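Colleague: Have a look at the structure that comes next, please.
2 protein chains.
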Amino acid sequence: MAEAAAAQHQLLLACTGLLLLLLVSSSSVATARSIIKTLPGFPGELPFYLETGYVGVGENESVQLFYYFVKSQRNPVLDPLVLWLTGGPGCSTLSAFFYESGPVSFNLTYNGGLPTLELKEYTWTETLNIIYLDAPVGTGFSYSTTQEGYTTDDYKSAAQIYEFLKKWLIQHPEFLKNNLYIGGDSYSGIPVPMIVQDIYYDSERGGSPRLNLNLQGYVLGNPVTDAYIDKNSRVPFAHRLTLISDGLYESAKANCNGDYVNANASSEQCESDVQEIEELLRDINIQQILDPDCTFSSPIPNEEKSNLQRSLAENPTDFLSQLGEETMYFCHDYMYILSETWANNRDVREALHVREGTKGYWKRCNISGLAYTEDVISSVAYHRNLSKTGLRALIYSGDHDMSVPHIGTQQWIDSLNLTLADTWRAWYTEGQVAGYTKRYTNDDFALTYATVKGAGHVAPEYKPQQCYAMLKRWFAYYQL
Amino acid sequence: MAEAAAAQHQLLLACTGLLLLLLVSSSSVATARSIIKTLPGFPGELPFYLETGYVGVGENESVQLFYYFVKSQRNPVLDPLVLWLTGGPGCSTLSAFFYESGPVSFNLTYNGGLPTLELKEYTWTETLNIIYLDAPVGTGFSYSTTQEGYTTDDYKSAAQIYEFLKKWLIQHPEFLKNNLYIGGDSYSGIPVPMIVQDIYYDSERGGSPRLNLNLQGYVLGNPVTDAYIDKNSRVPFAHRLTLISDGLYESAKANCNGDYVNANASSEQCESDVQEIEELLRDINIQQILDPDCTFSSPIPNEEKSNLQRSLAENPTDFLSQLGEETMYFCHDYMYILSETWANNRDVREALHVREGTKGYWKRCNISGLAYTEDVISSVAYHRNLSKTGLRALIYSGDHDMSVPHIGTQQWIDSLNLTLADTWRAWYTEGQVAGYTKRYTNDDFALTYATVKGAGHVAPEYKPQQCYAMLKRWFAYYQL
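Those protein sequences? They're chains P and A, same order as listed. Per my numbering, residue 217 is the first one in the first sequence, and the count goes up by one each step. Per my numbering, residue 217 is the first one in the second sequence, and the count goes up by one each step.
Next up, the structure:
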């Protein structure tokens, strides 16, 4: 009887989905989805299912959010569905797709012209269905049909992403039953827990449309979480990595009372200590403190570097052609340029079914171009709420990232006052220590925290093998 | 008049040298020195001056210390003369020669047979005359003609090295005028300051033979200095690099009163904390905590690694042939094996003029084969004495080394109570932060301390470009 009822419920659900789908498809804009069989730069047909499309959200669906969807190469019916966001805000999800977890990436031996694509190892889509979303509006290929539509903030964007997800699932009812996870890195640390909370309470209340999202949990890498905690932890982090001296650190700690963010409101001595610290960190690559600083915005009085920078700014193709694969890996900023060259190619846009005239120059990270207000200063409260649910969370930190240091991340996790379920221990891949992990619980809630040894800000860019092993285990409910 | 007197003094000095040389050369053993024009594995003539030889020291010169001498490729007359030691004790100086500062090294694309040699970048012999010495006896190709000769300790070995240096200079009087430095890394941190002190006070007292060594200072990299301080600093180091948790570190600090070396003499809680710490660090590469642990002695329950290890132990040539250059760089233990294959080749020994029958199997590090007593537990007192002289010192630390962590090195330097002359600041190579440095003085004494960012235990093996830039500047009396 119970089974029959369940089957009936499933049928009803599918029908509702179908109905909503038909309803929605009456609007030609909202249903835009294309199956992509080939991609410029990739030889032959793609050996995985790739779909791109737009979903209209907000008032009159004036905001058109662009996505890339890759089906799991194992079992798309049984494997989890993950909605993945990138940071910035303003960074295109194509960055996550190419440089983190997607099935293809650029051949780093670049000889000019259109960058070529190749299959890559450790792609998460081997075992996960992933929707890569360009959000907030203005990011990647997402756009607005109205000028007002571009003005957004953390709350509005989180709501739009949730709306996107519901509509996407209505269009893809076959994924309604899959375990659903929301994930992302860097600035996604703000919207992800907001969206997760929205989904969770909505489904408890019975939201509209009643979709019964099969939400299981969330994943965050080096997540921006609390503007104060994150930034403040850079000083102890820099000390631990011996970028500032013991003496200066002790002085700053005493003079600033451990608050380095509001240094100018503290004593003059504190302000001067913090200035000295900033000077010491000026030329450090904040994303991975051991990598060279390859950005070409910082004015370093070094002729050799200046020449490189000029050449890069004036003729990136020529510049990149001269670099070896090794340099590209070491200077992620250079490797990133390939995505810009690729995504601004006319054939590529056509292949991706990007609507003509909706987007000017594509930037990997459209940081300055967004009309975005960061009005959620901390998402810790969301994490605290979620820790009272039956969800599960995986939070990981590349331990050489100074932009969102693991120290701050551990600090806010500790502030949730969870129960330590598994004590700090090494986790391994291929017989080597890949990092350290501990696990917390709170009744049915479970949070796994892990460091990725030697990784920078977006950990999978630095340690793809380790990160995929971690993700795969966690999604399969194994211990790291 | 003063000039004439100086010239006379120089002449006298040269004559004394010549006289002593004639005296010494009557013993055929003691004068063994050969100019090496070609080396097996290197194509054509060597484009640098290489000399090898033995110098007999100790009673009846029963201890025969082997050396490799490379003349500066800039100006051997004006450039400094450096006596360089390696660590262990028991590691051959060929390791420093090939993997650190010498002009040639192995081609890491290994296809079996005799490893091939190639010129390398950032060789210190571009601007320095370097004597690479196999010491203490039993190390590399150094040997003893008597069984008792092999029994040695820190004091005896330091005295023998000093005796070596005097005799070598008597044989090479043309280098008596050069600025003289003693240097080394790792365990050399014990003998180097001892030898420097011997030379310094001997020349003050007017030792015999009266050689007027032109001693200027000393250089040490990640030096073993104080058994207690060095080892104890591993725990705060591991915490800083987030290998152990904040909670465990705080607990250990409180329970052990900051003394992790004598944990078993402390509380039970301290002992258990330290055991937990050791467990967390068990599979970490102590030489560079971010590198994989490629040693094949540690029994890790991982099939893939075990297979590698078995293959390596049973057939190193085949094993190495399968590895790429990248793996060799990443797994220094594998790269080291090339030196073993090379130095145990019959043609190589002949080319180096190694005396037949004096040496069995050559080990890069003959750690277990030495009859050596480490009886100097700390060389801090020597550093303290030297800080009252007019000498100069350069101490550097690869900041990712956990075997002799920079934390301990900075601690003993601080204990010398010197005056801070230049405050902690970044030092640069090629427009990038290569590390941090500060400078101390004590009247005429000057000590430069520097970290090498991202480097492991023997820093030049990891960061050759940065280390050579640092050395070159320091030897030229520039600021880093």
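Cβ coordinates follow ideal geometry from the N, Cα and C atoms, glycine included. Quantities reported herein were computed from a predicted structural model and do not represent experimental measurements.
1. Closest to serine 537 of chain P by CA distance: which of P/Leu324, P/Lys336, P/Ala637 is it?
2. Helix, strand or coil: which one does DSSP assign to glutamine 363 of chain A?
3. Can you list the residues of chain A that lysine 654 of chain P reaches, using a CB-CB cut of under 8 Å?
4. Kindly confirm or deny that the segment 301-309 of chain P and the segment 341-352 of chain P touch, where touching means at least three C-beta pairs closer than 8 Å.
5. Contact criterion: CB-CB distance below 9 Å. Does lysine 688 of chain P meet it with respect to chain A?
6. Please list the segments of the alpha helix (DSSP H) lying wholly inside the segment 421-494 of chain A, counting only runs of 4 or more residues, in order along the chain.
7. Can you check whether the C-beta of valine 649 of chain P is within less than 9 Å of a C-beta belonging to chain A?
8. Any contact between the segment 630-642 of chain P and the segment 487-499 of chain A? By contact I mean 3 or more CB pairs, one from each, below 8 Å.
9. Going straight from the alpha carbon of glycine 365 of chain A to that of glycine 585 of chain A, what length do you get?
10. Is there contact between the segment 609-620 of chain P and the segment 467-477 of chain A, where contact requires at least three CB pairs shorter than 8 Å?
11. Is the distance from the Cβ of threonine 653 of chain A to the Cβ of leucine 696 of chain A below 9 Å?
12. Let's test the definition: count the other Cβ atoms within 10 Å of the Cβ of isoleucine 195 of chain P and tell me whether it reaches 16, buried, or not, exposed.
13. According to the neighbour-count rule (16 or more other Cβ atoms, all chains shown, within 10 Å of its Cβ), is lysine 604 of chain P buried or exposed?
14. Taking the alpha helix (DSSP H) that leucine 180 of chain P belongs to, which residues open and close that run?
15. Give the DSSP-derived three-state secondary structure of cysteine 581 of chain P in the structure shown.
16. Is the segment 281-290 of chain A touching the segment 581-598 of chain A, taking contact as three or more C-beta pairs under 8 Å?
17. Going along chain P, which residues have a C-beta under 9 Å from arginine 641 of chain A?
18. State whether the segment 314-332 of chain P contacts the segment 552-572 of chain P, with contact taken as three or more CB pairs (one from each stretch) at a distance under 8 Å.
19. Taking 9 Å as the threshold (beta carbon to beta carbon), is glutamine 682 of chain A in contact with chain P?
20. Helix or strand or just coil, what does DSSP make of threonine 657 of chain P?
21. Go ahead and pull the three-state DSSP assignment for glutamate 572 of chain A.
22. Could you check where the alpha helix (DSSP H) with phenylalanine 546 of chain P kicks off and where it finishes?
23. Checking contacts by CB at 9 Å: is asparagine 518 of chain P closer than that to chain A?
24. Between valine 451 of chain A and the ligand ADP, is the CB less than 8 Å from at least one heavy atom?
25. Give every residue of the same chain whose Cβ lies closer than 7 Å to the Cβ of serine 616 of chain P, excluding the five residues on either side of it in the sequence, and list them in chain order.
26. Is the beta carbon of isoleucine 398 of chain A sitting closer than 9 Å to the one on valine 435 of chain A?
27. Consult DSSP for phenylalanine 282 of chain A and reduce its assignment to one of helix, strand or coil.
28. Take aspartate 442 of chain A and list the residues in its own chain whose beta-carbon comes closer than 6 Å to its own, dropping the five residues that flank it on each side.
29. Using a Cβ-Cβ cutoff of less than 6 Å, which residues in the same chain neighbour leucine 297 of chain A once the five nearest sequence positions on both sides are dropped?
30. Per the contact definition of three or more C-beta pairs closer than 8 Å, is the segment 255-267 of chain A in contact with the segment 560-568 of chain A?
31. In chain order, what residues of the same chain have a beta carbon less than 7 Å from the beta carbon of leucine 634 of chain P, not counting five sequence neighbours either side?
32. Could you list which residues in chain B have their beta carbon closer than 9 Å to that of proline 508 of chain A, in chain order?
33. Could you work out which residue in A/Tyr359, A/Leu330, A/Glu342 is closest to glycine 306 of chain A when comparing CA atoms only?
34. By DSSP, does glutamate 261 of chain P sit in helix, in strand, or in coil?
35. Any C-beta of chain P within less than 9 Å: which residues of the segment 443-470 of chain A qualify?
36. Less than 8 Å between the CB atoms is what I'm expecting for serine 278 of chain A and threonine 361 of chain A, so what's the real figure, rounded?
Modeller: In short, the structure shows the following:
1. Comparing Cα-Cα distances from serine 537 of chain P to each of P/Leu324, P/Lys336, P/Ala637, the minimum goes to P/Leu324.
2. Reduced to three states, the DSSP call for glutamine 363 of chain A is coil.
3. The contacting residues are Ser461.
4. In short, these stretches touch, since the Cβ pair count reaches three.
5. Not an interface residue.
6. The segment 421-494 of chain A contains these whole alpha helix (DSSP H) runs: 443-448, 450-456, 462-472.
7. Taking Cβ atoms only, chain A reaches closer than 9 Å to valine 649 of chain P, which makes this a yes.
8. The segment 630-642 of chain P vs the segment 487-499 of chain A: in contact.
9. When rounded, the separation of the alpha-carbon atoms in glycine 365 of chain A and glycine 585 of chain A is 14 Å.
10. Here the segment 609-620 of chain P makes no contact with the segment 467-477 of chain A; the two share fewer than three CB pairs at distances below 8 Å.
11. It is a contact, given that the beta carbons lie within the stated cut-off.
12. Any question about residue 195 of chain P goes unanswered here, given that chain P covers just 217 to 696.
13. Result: exposed.
14. This structure cannot settle anything about residue 180 of chain P, because the visible part of chain P is limited to 217 through 696.
15. The three-state reading of DSSP puts cysteine 581 of chain P in strand, counting E and B together.
16. Touching, no, given that fewer than three Cβ pairs across the two stretches are closer than 8 Å.
17. The contacting residues are Glu495, Leu496.
18. Touching, per the Cβ criterion.
19. Glutamine 682 of chain A is outside the set of residues whose beta carbon lies under 9 Å from a beta carbon in chain P.
20. Looking at threonine 657 of chain P - three-state DSSP - the assignment turns out to be strand.
21. The three-state reading of DSSP puts glutamate 572 of chain A in coil, since its state is none of H, G, I, E or B.
22. Run containing phenylalanine 546 of chain P: 541-546, per the alpha helix (DSSP H) assignment.
23. In this predicted model, asparagine 518 of chain P has a pLDDT of only 48, less than 50, meaning its place in the structure is not dependable; the value taken from the coordinates is given anyway. It does: the Cβ of asparagine 518 of chain P has a partner Cβ on chain A nearer than 9 Å.
24. For the structure depicted, the ligand ADP is absent and the ligand set is empty, with no information on it obtainable.
25. According to the sequence displayed, residue 616 of chain P carries histidine and not serine. Within the same chain, and ignoring the five residues on either side of histidine 616 of chain P in sequence, the residues whose Cβ sits closer than 7 Å to its Cβ are Gln504, Ile505, Leu506, Gly670, Ala671, Gly672.
26. A contact, by the Cβ cut-off of 9 Å.
27. Note: phenylalanine 282 of chain A maps to strand in three-state DSSP.
28. Taken in chain order, the residues that qualify are Ser594, Val596, Trp628.
29. Excluding residues within five positions, the ones whose Cβ falls inside 6 Å are Asn345, Phe391, Asn394, Leu396.
30. When Cβ pairs closer than 8 Å are counted between the two stretches, the segment 560-568 of chain A is seen to touch the segment 255-267 of chain A, the count reaching three or more.
31. If we look at leucine 634 of chain P and ignore the five residues flanking it on each side, its Cβ neighbours are Ser603, Tyr656, Thr657, Asn658, Leu663.
32. Here chain B cannot be found, since the structure's protein chains are P and A.
33. Selected option, being the one with the closest Cα: A/Tyr359.
34. Residue state for glutamate 261 of chain P is assigned as coil, using DSSP reduced to three classes.
35. From the segment 443-470 of chain A, only His455, Arg456, Leu457, Thr458, Leu459, Ile460, Ser461, Asp462, Gly463, Leu464 have a Cβ closer than 9 Å to chain P.
36. With a Cβ gap of about 5 Å, serine 278 of chain A and threonine 361 of chain A count as contacting.
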